Structure formats: structure tokens, C-alpha cells
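Worksheet: the structure to be examined is printed underneath.
Number of protein chains: 2
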Amino acid sequence: MTGLLTDLYQLTMAAGYFEAGKASETATFELFFRRLPRYRNYVLAAGLAQAIEFLLNLKFTSEEIDYLRGLPQFQRVSEGFFDALRCLRFTGDVFAMPEGTPIFANEPFLTVRAPLIEAQIVETYLLAAIGFQSLVATKASRIVEVAGGRAVVDFGARRAHSPEAGVLAGRASYIGGCIGTSNTETGFRYGIPVFGTAAHSWVQSFATESEAFARLQDLLGDATAYLIDTYDTIEGARTAAALGPPLWGVRLDSGNLVELSREVRRILDDAGLTNAKIMATSDLNEYKVLEFAAAGAPIDAFGVGTDLATSADSPTLGVVYKLVELDGRFTAKFSEDKQTLPGAKQVFRFANHDVIACSWECLGCGPGEPEAKALLRPVLLGGKLCEPLPTAAAARQNAADCVKRLPTAVRSLFDTGQDYRVEQSHELMALYEKVHDESGLLRHRHAD
Amino acid sequence: MTGLLTDLYQLTMAAGYFEAGKASETATFELFFRRLPRYRNYVLAAGLAQAIEFLLNLKFTSEEIDYLRGLPQFQRVSEGFFDALRCLRFTGDVFAMPEGTPIFANEPFLTVRAPLIEAQIVETYLLAAIGFQSLVATKASRIVEVAGGRAVVDFGARRAHSPEAGVLAGRASYIGGCIGTSNTETGFRYGIPVFGTAAHSWVQSFATESEAFARLQDLLGDATAYLIDTYDTIEGARTAAALGPPLWGVRLDSGNLVELSREVRRILDDAGLTNAKIMATSDLNEYKVLEFAAAGAPIDAFGVGTDLATSADSPTLGVVYKLVELDGRFTAKFSEDKQTLPGAKQVFRFANHDVIACSWECLGCGPGEPEAKALLRPVLLGGKLCEPLPTAAAARQNAADCVKRLPTAVRSLFDTGQDYRVEQSHELMALYEKVHDESGLLRHRHAD
């Protein structure tokens, strides 16, 4: 995969590090977000598999290198740099939380330790791959939470931010708890269950709705789901009921879904089709699903598209990637409102709170201490996979297990005023003070 | 490009059309949106080039066909369908508005006329490719509008919804009026100017900020832009000023950008660096740029990332793709709140309003009539390109020319209560009534 999938400044910096003889200094960068996204009490980590795939396949072709050589920003760069790019592979270490792990503000959930030039170039891809899937997995998790056991399916392929984003949204939705996706490529690539029967155009393409439904039943048998609102939902339900079994059920896609689902349920039951399911679609999200659940609407499954695949109410996650160590030296940033904590870290998860500590600390492992789990685990060492990455299905199970253990207030759709508690270890705070003071001295010395 | 980049139901319908002997019936689908996105008075069409690239390269590999054959939804499908998929290419016609054209609610801006099976399968890709780039081009256009001649650059690669979305966001931003992007792959693929110098990690990686700046100047010469807020913006500005020329300027990335830009301007001017530019970044969008402009802040260029690449305040565009003709018959959908108009159409743009008409109408071309332009033009005929597609640069010029001609109220960032006027021709309204009545008769006949 091409190393050009990055911001140009990563490459100008890479050139600069090369020219300054710093390209092979060991750098540690951490990926985290400073604040939870709007309307979110937790975020589910997702996208690690795609980030790792990128690192394992990172390279530059001759054509790409020629392109860089021609850019105005590279006119003073020596040929040695382009030779270095030609041979560049990712040879570093990555530590990360498994996909599906709930994460909170300021918790590093991926750490890269690699030669500076490599660690710098990969920043943009890692942020985009992980930030997006984490947003969608989180959105899915919220919808699944309020669906209360009813199936949720990703239908967002067409509204995702590009076709490829749709494929990845299908994967992330599944990790967040959806039972599958409408995206065929997602199913093909990642072995995720795919769903879908027919659209309005199917019904329109036959002379009558009844003929369209009969043809669909011939085709799909007990997987048949009739879309019944092309002309009139209630008439559509009667037409479906008249055809009898086999069928899976019907789909409602417009109108007042609470009232319509009740009427349609009655029509199906009256025809003896008590096992036939009702699926609802049409610009759904967790808030509407919550209302349907509260109203006791007889809806068995939800297809969620636009709002899920774009995380529409909270479409951005401010993931950042910050240098915390370089060549054995701790570094930090002290910009107004954008400070970072120095040094590689570990995150320990206790029963109902987390502690961010220095990487060499071990919390919750002494006798008599409350138990804690170290969340960051080695994924790549020396550029090689430590073990095969968990499948999307395993990540989905991890998410389900972890979300179940979160406090109810954190699992709420709304701001309950009760944030998940995240502390910093004493050792980490002491390190911050030390680096901050030294930085002040440094600048002072320089100003003299 | 794989035909699996679609919702599964497109493929089950394709199978059903095949089994029903309808696969080669000529279908016409139109792409449009029913309502403008939230907070938008117009949308710029973008993404056509990627949609067409998909159509020109559409195919299914044997491995992909085997995958479909194994799905539960395809167990009743005959082998002839899979043979048909193996040979499937896009052989139809596409009419579209050129990229960069402003569009409004209910205006078809892309029309597909093709054998039903082909036209159905491509829906999902077209919607995702075009919807997303249109959102971003529109967002860029709004930012550029209020930037009033100051340069705007896309810096959103890391926050786009996947790395590939970032590449396309860079393209769409350029069409919308940005001068370029930080995304190197966007530059490589589409010949769009790329920008970037260095990040905080660059400054942190040297013992002093001064050393970091000097190294950058050696590397970039008069393209040097110092990021001056790693430790303290004002001290950073002094350090930059002390180095003197050559430089392009400095970048501010935190704090009160209005006040800081004034102080930094003074420091640069006092050092005789009156040509040095100030760029501002840090979660910008059109609303903040408007405030900076109103405050007269001495900012020469804006780098806009997250909000641009995700169209954050309005991240979804409800583009739909609706069957309007099949096998010489007009079709429409009469679902509650989701009606469609039958028949292939043309959109005519007059001096200050548009008219949606039937495809065979010719408005504004008679003697003495006000002049009008037909916006939908042939792009593919029989699966072949009519002429090379305009470059991104040409699309950008088209957008600039068209936006300039929009009424001031429509170009406003805000809802002015004055929508752009879009009418329907008498002939189109008459056709709608006719098809609606016939549909009622049809359903009535069926119910008897």
C-alpha cells in the first residue's frame, strides 16, 4: 500500500529527518483523543486490522518517488532520501488495545515505536483508518444497546463517505454489534453476514405489486422480505399476507412506523403468519429506535443506514498521534489547550475505572491490590505480526463483553453527568512536571 | 472494479430480473436529492469522474461469483445468472451535469439508461461516490466564499472517513475552490497542488525550537512555513523572525487566532518580513473563517481539516437513485413523503431559476424565449466515454463560474429564507398526474 496515503508534511519531515541524520532515531508516538466526541460517553476502538495491514504493506513505487522528486518542496532534498524511500518498510513495534475495547479521553490506544522516519510517515493513515471505524463501531453499539436484543443491520453503504468507507463501515458496524450488513464487499472481504432482498425499483419493475412479491418469494423462499410501501403500506401488507409462506417477513420504509407496524402485525397474524418478522428502515438512528422500543412497536429488526455509516450526530473524532519519546528522551507539547503527556504509557482497567500509567509501571499486579488489566498489548514487533489479528467476529465479541461491564450511566445514550473515571498514575504526573520544567529551562537557556 | 461494491439487494434483484427474463429491459434511473442538506442553500455536484471510472471498469471475478453462489440468498438462482455476471460490463448511457455545477432539491443530476440488471447493480457505488464528494465540494465552496480571496487548503486527510475518503475529499475540496490539499495521494492521482511543511513532532524532535526552524528553512527555502505554537506562539514567532528570509511564513495552530495573528504580524513586520504570510489552522470551518474576516485578522491562508473532509455540520446528503422508466413505461413511487416524478428529465437553467422538464422538452431555445442551458449532458453512450472527462481543475473553474452567478442570498452561509427557484414544466406535471392515476387504476384492478 502506497506511502503517499499521507499528508505531504509527513514526507517533508521525513526528508528533513533524513538530511539531519535523525531518520533512524527511535521514536514513540501515541494515538488518543483529548475529548470524547459530542454525544458519546465512550468510544469503541476499531480499525486496527486495517491500520496493521497498511503497516505490513507500506512501500513507495518508483513512479511515486518520481512524483515526489518533482514537487517544489523536494528540490533541496538529496538523492539519498529517495533511495531510502525506495527501500522503506515498516520495521517498528506496535502496541494496541484490541478492537472492540471501550476507550476514553486521553487514553493512548495505539502506540508506535519505530525509526522516526517510519513512525512519522504512517500517522495520517493510522488516524483515518482507526478514527473512522471507531466512530461507526461506537454508533452501532449505541443502536444495538437500545434495540434490546432486536437485530440491527447496517444499510449505510450508499451514504458512507465514499464506497470504500461503506465497506469499512460495514465492518465497524458489525464490531459494534450489528448482526451484519447490506454491503456485499464487506461480506466478501471480512466474512461478515450480508443481508438484502429487494428495493422499490423491484416492485415498480413489475406490472403489479403482487407479481413482484410472488417473483421475490420464488427467488428467496424463506429469506423473502417484502418491501411493502411502494404504493401503500397496508395494501402491501395484505398482498404479502395473501401469498402466505414461505417468507422471512416484511419491511416498512416510510410513514409512521409505530402505527404501521401495529397494523401490519395484525394483518400478518390474522393470516396465520405469526412467525413473519417486521423490519423497519427509513433514516433510523438510536434515538428513533429508543422511541420504538418505548412505544412497544412490534418491530423485530432495524436496518440503519445513513446515520450509522456517517455517525451523523457526531461525525468526527479528534484522534491525534503525538510524539512522546525520541531517542531515549521524553517529549511533550505544551501548546495552549493542546498539551500532551510525555513518555510511552500503559492503560490499566480496574473494575470501574482506568489508570493511565508510565509504560514501565505495573498496577493491579501486586498481592492484595485490586485486579487490573493492561489494555495495550503487542501487535507488531520488529515489523512482524506477533500473532494473527482477531477476526471481526472476535472483535465483536470483545465489544459485547466489554460494553456489558460498563456502568449503566456510561452506556446511556445521553449525558448523565457521570463520566467514566480515568486517572493518571503518580509516576506519570511526576514525569509530566519534570519534562515541563526542563522544557521551560530549555527555552529559557535558548532565549539567553 | 468489483461489482460487489454494492448492497446485496442489488444483486438479489439482478438475479430475480434474470430469472424473470427482465434483465435486458431498458431501465432509466435518476440520481437526485429530495431536500437540500441541513445548513446548505446549494450543493456542488462532484464525484462524477469516480462514478464513471467505476462504470467503465465494472466486472465480477470468478472468486467473487463463487462467493455469491455460496450465499443463502442465491441458493435458488440458476447457473445462467452467474454466467451472466461473469460477462457483465456496463453497456448503457449516462447523462450528467458537469462536476462543479450547483444543484438543488429534486433536480436529477445524473441519469443512467441501461439494461435493468446493469443499472440496478451500480446504484450503491454511484450514490456513495457522488454524494460524498458533493458534500465536501459544497463545504469547500462555503469556506472559500467567506475567505474572500485568501487561500484555503484542505488538511482533512487524517479525519476523513477512511484513508480513501481523505484522498477523494482532497479532490472534492479542490473542485469547491481550495487551492490544494495536504493529501499526497490526491496530488499524485489527480494532479492537484499539494502543501505541507512540518508538524509539532518536528519541533519536538530537535533540542530547541530554533534548531528545528533552522533545519526546516535549510530544507524548504522560500516554501518554509514554521509551526510556531509547540511551546509558545509569541516566542515561536520571535524565533522565526530572528532567522529572517527565506521563508513563506508561519502557521498558528492554537489559542486566540485573532489576537495572536495581530501580534505575530507585528513581530514579522518589525523584523522586516512584511511578505511573510500567516496561515491559521485548528478546527476551522466557514463560521470561524467568517469571524476572522469580520475581525480583520491579518491571516493570509486557512488550513481546514476535520470539518471540511467530513462536512461536519451537515455530514449526510440524501441522494437517491430512482427508477423513472422501464421498457418504455413511465414509473414512479407514491410512498408517503417519498414520491418520485416519472420519466427521464432534463434540467434547464435560466438566468435566476431552473425548470425541471421532460427529457424531450426544449426550453429556452425558441425565438424570443429567455435563454436557458440544458444541464444534463451525455457522458457515456453504449458504455463508452463520449469525450474525456473534464479534469479536476476544469471542474473547479466550472464551480467558480457557476457559484459567482448564484444570487447572493443563495451564496450566504445562512438560511436567508430565499431559496433558489426550481419549477417543474407543465408537461412534467401532466405526466405525473397521468402516471399517478394509472397506478391507482392498476392497484384497484388488482384488488378486484
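Here the protein sequences come in this chain order: A and B.
So the working numbering is basically just the index in the first sequence, starting at one, shifted up by 1218.
So the working numbering is basically just the index in the second sequence, starting at one, shifted up by 1218.
Glycine included, C-beta positions come from ideal geometry on N, C-alpha and C.
Here the structure is a predicted model, which means the values were calculated and not measured.
List the DSSP bridge partners of residue i.
i: R1368(B); result: DSSP, once it has assigned bridges, lists no residue as partnering R1368(B).
i: L1470(A); result: A1498(A)
i: A1519(B); result: A1369(B) and M1497(B)
i: Y1408(A); result: Bridge partners of Y1408(A): none, in fact.
i: V1640(B); result: D1572(B)
What is the C-beta distance between residue i and residue j, in whole angstroms, given that I count them as a contact (C-beta under 8 angstroms)?
i: A1613(B); j: A1378(B); result: Going by Cβ atoms, the distance from A1613(B) to A1378(B) rounds to 19 angstroms, so no, they are not a contact pair.
i: A1519(A); j: P1290(B); result: Not quite, the Cβ-Cβ distance comes to about 16 angstroms (not below 8 angstroms), so this is no contact.
i: R1256(A); j: S1532(A); result: 5 angstroms
i: F1406(A); j: E1282(B); result: 6 angstroms
i: A1430(A); j: W1420(A); result: 6 angstroms
i: C1620(B); j: T1329(B); result: About 20 angstroms; that fails the 8 angstroms criterion.
i: C1576(B); j: S1643(B); result: 7 angstroms
i: F1322(A); j: D1572(A); result: 7 angstroms
i: A1648(A); j: Q1636(A); result: So it is not a contact: roughly 29 angstroms between Cβ atoms.
i: L1535(A); j: S1352(A); result: 6 angstroms
i: F1278(A); j: R1287(A); result: So it is not a contact: roughly 11 angstroms between Cβ atoms.
i: T1230(B); j: G1454(A); result: The Cβ separation is near 18 angstroms, so there is no contact.
i: I1339(A); j: Q1268(A); result: Contact flag wrong, Cβ pair sits at about 17 angstroms.
i: A1241(B); j: I1335(B); result: 4 angstroms
i: A1245(A); j: L1465(A); result: Actually they do not touch by this definition, with Cβ atoms about 59 angstroms apart.
i: V1261(A); j: T1356(A); result: 5 angstroms
The ligand MN heavy atoms versus the CB of residue i: any closer than 7 angstroms?
i: C1604(A); result: This structure lacks the ligand MN, and indeed carries no ligand of any kind.
Of the residues the options, which one's Cα is nearest the Cα of residue i?
i: G1247(B); options: P1560(B), E1656(B) and M1231(B); result: Correcting the residue identity first, residue 1247(B) is Phe in this sequence and not Gly. Of P1560(B), E1656(B) and M1231(B), the residue nearest in Cα terms is P1560(B).
i: E1325(A); options: L1334(A), R1331(A), A1332(A) and M1315(A); result: M1315(A)
i: L1486(B); options: A1383(B), I1517(B) and D1225(B); result: I1517(B)
i: D1225(B); options: T1279(B), T1342(B), G1374(B) and G1265(B); result: T1342(B)
i: T1448(B); options: H1418(A), A1550(A) and A1430(A); result: A1550(A)
i: L1470(B); options: G1462(B), K1495(B), L1491(B) and P1463(B); result: K1495(B)
i: G1523(B); options: M1219(B), E1336(B) and G1384(B); result: G1384(B)
i: Q1557(A); options: G1414(A), F1251(A) and V1640(A); result: F1251(A)
i: L1254(A); options: V1640(A), R1456(A), D1655(A) and V1371(A); result: V1640(A)
i: A1443(B); options: F1431(B), G1467(B), A1455(B) and A1432(B); result: G1467(B)
i: A1177(A); options: E1589(A), K1357(A), L1273(A) and V1371(A); result: Given that chain A is displayed from residue 1219 to residue 1666, the structure contains no residue 1177(A) and the question cannot be resolved.
i: A1332(A); options: E1243(A), V1542(A) and K1591(A); result: E1243(A)
i: S1472(B); options: L1508(B), P1464(B), G1521(B) and F1322(B); result: G1521(B)
i: A1458(B); options: Q1615(B), V1482(B) and V1261(B); result: V1482(B)
i: L1593(B); options: C1604(B), F1548(B), A1512(B) and L1581(B); result: L1581(B)
i: L1266(A); options: Y1260(A), L1345(A) and T1279(A); result: L1345(A)
i: V1653(A); options: A1269(A), F1548(A) and Y1539(A); result: F1548(A)
i: R1368(B); options: G1584(B), G1514(B), E1543(B) and W1578(B); result: G1514(B)
i: Y1285(B); options: L1386(B), A1347(B), F1510(B) and T1220(B); result: T1220(B)
i: E1587(B); options: R1623(B), N1275(B), C1604(B) and F1568(B); result: F1568(B)
i: N1684(B); options: A1263(B), W1578(B) and K1622(B); result: Lying outside 1219 to 1666, the shown extent of chain B, residue 1684(B) is not represented and no answer is given.
i: R1479(A); options: Q1615(A), L1445(A), P1463(A) and L1461(A); result: According to the sequence shown, residue 1479(A) is Ser rather than Arg. For S1479(A), the nearest C-alpha among the options comes from L1445(A).
i: E1509(B); options: S1529(B), H1418(B), A1365(B) and L1249(B); result: A1365(B)
- If you scan the region 1422-1461 of chain B from start to end, which runs of the alpha helix (DSSP H) of 4 or more residues do you find wholly inside it? With a minimum length of 4 residues, the continuous alpha helix (DSSP H) runs that stay inside the region 1422-1461 of chain B are 1427-1438 and 1451-1461.
- Which runs of the beta strand (DSSP E), 3 residues or longer, sit entirely within the region 1220-1286 of chain A? Segments of the beta strand (DSSP E) lying fully in the region 1220-1286 of chain A: 1244-1251.
- On the three-pair Cβ rule with 8 angstroms, is the region 1498-1508 of chain B touching the region 1299-1318 of chain B? Look at the beta carbons and you see the region 1498-1508 of chain B not touching the region 1299-1318 of chain B: under three pairs across the two are nearer than 8 angstroms.
- Would you mind listing the alpha helix (DSSP H) stretches within the region 1369-1400 of chain B that are 4+ residues and don't spill past its ends, in chain order? Runs of the alpha helix (DSSP H) inside the region 1369-1400 of chain B: 1381-1393.
- Looking at C-beta atoms only, is the number of pairs between the region 1424-1432 of chain B and the region 1388-1407 of chain B that lie closer than 8 angstroms three or more? Taking a cut-off of 8 angstroms on C-beta distances, the region 1424-1432 of chain B does not touch the region 1388-1407 of chain B, as fewer than three cross pairs fall below it.
- Item | At least three beta-carbon pairs within less than 8 angstroms, the region 1351-1365 of chain B to the region 1593-1612 of chain B | Verdict: no, contact absent.
- Mind the definition here: the region 1227-1247 of chain B touches the region 1289-1303 of chain B only if three or more C-beta pairs lie below 8 angstroms; say whether that holds. Verdict: yes, contact present.
- Message: In chain order, what are the residue ranges of uninterrupted beta strand (DSSP E) at least 3 long that sit wholly in the region 1564-1608 of chain B?
- Response: Qualifying beta strand (DSSP E) stretches, in chain order: 1571-1576 and 1595-1599.
- Inter-stretch contact (C-beta, 8 angstroms, three-pair minimum) for the region 1562-1571 of chain B and the region 1386-1394 of chain B: No, the region 1562-1571 of chain B is not in contact with the region 1386-1394 of chain B.
- Message: Which complete alpha helix (DSSP H) runs does the region 1279-1335 of chain A hold, if anything under 4 residues is left out?
- Response: Runs found: 1280-1288 and 1297-1305.
- Starting from the N-terminal side, write out each stretch of the beta strand (DSSP E) that is 3 residues or longer and does not extend beyond the region 1526-1561 of chain B. Counting only unbroken stretches of 3 or more residues, the beta strand (DSSP E) elements lying wholly within the region 1526-1561 of chain B are 1537-1544, in sequence order.
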